[in-house]
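Asks:
In the working numbering, the protein residues as written are 93 to 312.
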């Protein structure tokens, strides 16, 4: 077989594998979203998550462990499936979302339902406040259409709630999106953020961190 033919075959095989992997991710996401969640089983499963995310889902203000309490059910499912499929890369989360922790789509739905039912938190870390006015301008210009005027997100569009998230976590995620290393973010999202200055990034993160999350956790 000629080298060109071999290279073409390998390229086609790689493309096919990528398509199949994407189809598997899509199927698992669809399966989890249509399951009827078992809240009590979700509570039991969450005991593993609580070691890092805390029993109340408040996370840690170190830039690595987010507030997850009250996050939209559909968002939690989407992120868990992405971690499971390594569409989003974090060694701890890739391991905890694997099948030896969450066996199937029912487990994903159950723990997501429990997380989304937890009361939203306002014990998060904020920044210095120096650039919050600038951050508000950036948010209203670039973020409000998808994430809402109050940072509430959109469950149906699987846009996360950002209000009341840890400041350093937000800075880290925006920085990853700008650099293109947040692998499950769309390219146009990265392009939207790429022109932000350091002051704008810290400002918008601080602005969101200071937002008061909705008193009630989102309906499922």
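Glycine included, C-beta positions come from ideal geometry on N, C-alpha and C.
Source: prediction; values computed, not measured.
Which of helix, strand or coil does DSSP assign to residue 110?
Replies: Within the chain shown, numbered from 1, the residue matching residue 110 stands at position 18. Residue confidence for residue 110 is low, a pLDDT of 43 falling below 50, so the modelled location carries little weight; the figure read from the coordinates is stated next. Helix, per DSSP.
Asks: Per DSSP, which residues does residue 152 bridge with? Please list them.
Replies: As a first step, residue 152 must be located in the chain shown, where it is residue number 60. Per the DSSP secondary-structure output, residue 152 pairs in a beta bridge with 157.
Asks: So, is residue 119 buried or exposed, given that buried needs 16 or more other C-beta atoms within 10 angstroms?
Replies: Against the chain shown, residue 119 aligns to sequence position 27. Result: exposed.
Asks: Taking three-plus beta-carbon pairs below 8 angstroms as touching, is the stretch 286-299 in contact with the stretch 225-232?
Replies: yes
Asks: Based on DSSP bridge pairs, tell me the residues matched to residue 251.
Replies: On the chain shown, position 159 is the one that residue 251 refers to. DSSP, once it has assigned bridges, lists 246 as partnering residue 251.
Asks: Rounded to a whole number of angstroms, what is the C-alpha to C-alpha distance between residue 200 and residue 163?
Replies: As a first step, residue 200 must be located in the chain shown, where it is residue number 108. As a first step, residue 163 must be located in the chain shown, where it is residue number 71. Counting only the Cα atoms, residue 163 lies some 14 angstroms from residue 200.
Asks: Could you name the residues of the same chain whose beta carbon sits closer than 8 angstroms to that of residue 216, not counting the 5 residues immediately before and after it, in chain order?
Replies: Counted from its first residue, the chain shown places residue 216 at position 124. If we look at residue 216 and ignore the five residues flanking it on each side, its Cβ neighbours are 150, 151, 153, 159, 256, 257, 258, 259, 301.
Asks: Among 165, 161, 189, which has the Cα closest to the Cα of residue 174?
Replies: Start at 1 with the first residue of the chain shown, and residue 174 comes out as number 82. Ranking 165, 161, 189 by Cα distance to residue 174 puts 189 first.
Asks: Tell me the residue span of the alpha helix (DSSP H) that contains residue 293.
Replies: Within the chain shown, the letter at position 201 stands for residue 293. Under the DSSP assignment, residue 293 falls in the alpha helix (DSSP H) whose first and last residues are 290-301.
Asks: Nearest-angstrom Cα distance between residue 129 and residue 198?
Replies: Indexing the chain shown from 1 puts residue 129 at position 37. Indexing the chain shown from 1 puts residue 198 at position 106. Going from the Cα of residue 129 to the Cα of residue 198 covers about 7 angstroms.
Asks: If we count the other Cβ atoms within 10 Å of its Cβ and call it buried at 16 or more, is residue 132 buried or exposed?
Replies: Residue mapping note: residue 132 aligns to position 40 of the chain shown, counting from 1. Exposed is the call here.
Asks: For residue 122, does the three-state DSSP call read helix, strand or coil?
Replies: In the chain shown, residue 122 corresponds to position 30, counting from 1. Here residue 122 sits in helix by DSSP.
Asks: Where do the ends of the alpha helix (DSSP H) carrying residue 265 lie?
Replies: Counted from its first residue, the chain shown places residue 265 at position 173. Residues 259-271.
Asks: Is the CB-CB distance between residue 246 and residue 180 below 8 angstroms?
Replies: The residue you call residue 246 lines up with position 154 of the chain shown. The residue you call residue 180 lines up with position 88 of the chain shown. No, these two residues do not count as a Cβ contact at 8 angstroms.
Asks: Give the straight-line distance between the Cα atoms of residue 231 and residue 121, rounded to the nearest whole angstrom.
Replies: Here residue 231 refers to the residue found at position 139 of the chain shown. Here residue 121 refers to the residue found at position 29 of the chain shown. Distance between the alpha carbons of residue 231 and residue 121 is about 29 angstroms.
Asks: Could you compute how far the alpha carbon of residue 155 sits from the alpha carbon of residue 252?
Replies: Looking up residue 155 in the chain shown gives position 63. Looking up residue 252 in the chain shown gives position 160. Cα-Cα distance, rounded: 17 angstroms.
Asks: So for residue 128, helix, strand or coil by DSSP?
Replies: Taking the first residue of the chain shown as 1, we reach residue 128 at position 36. Coil.
Asks: Could you check which residue in 127, 284, 261, 176 has the C-alpha nearest to that of residue 294?
Replies: Here residue 294 is taken as the residue at index 202 of the chain shown, counted from 1. Restricting attention to 127, 284, 261, 176, the CA atom closest to the CA of residue 294 is found in 261.
Asks: Give a yes or no on whether the minimum CB-CB distance between residue 145 and chain D is below 8 angstroms.
Replies: Included in the structure is just one protein chain, with no chain D present.
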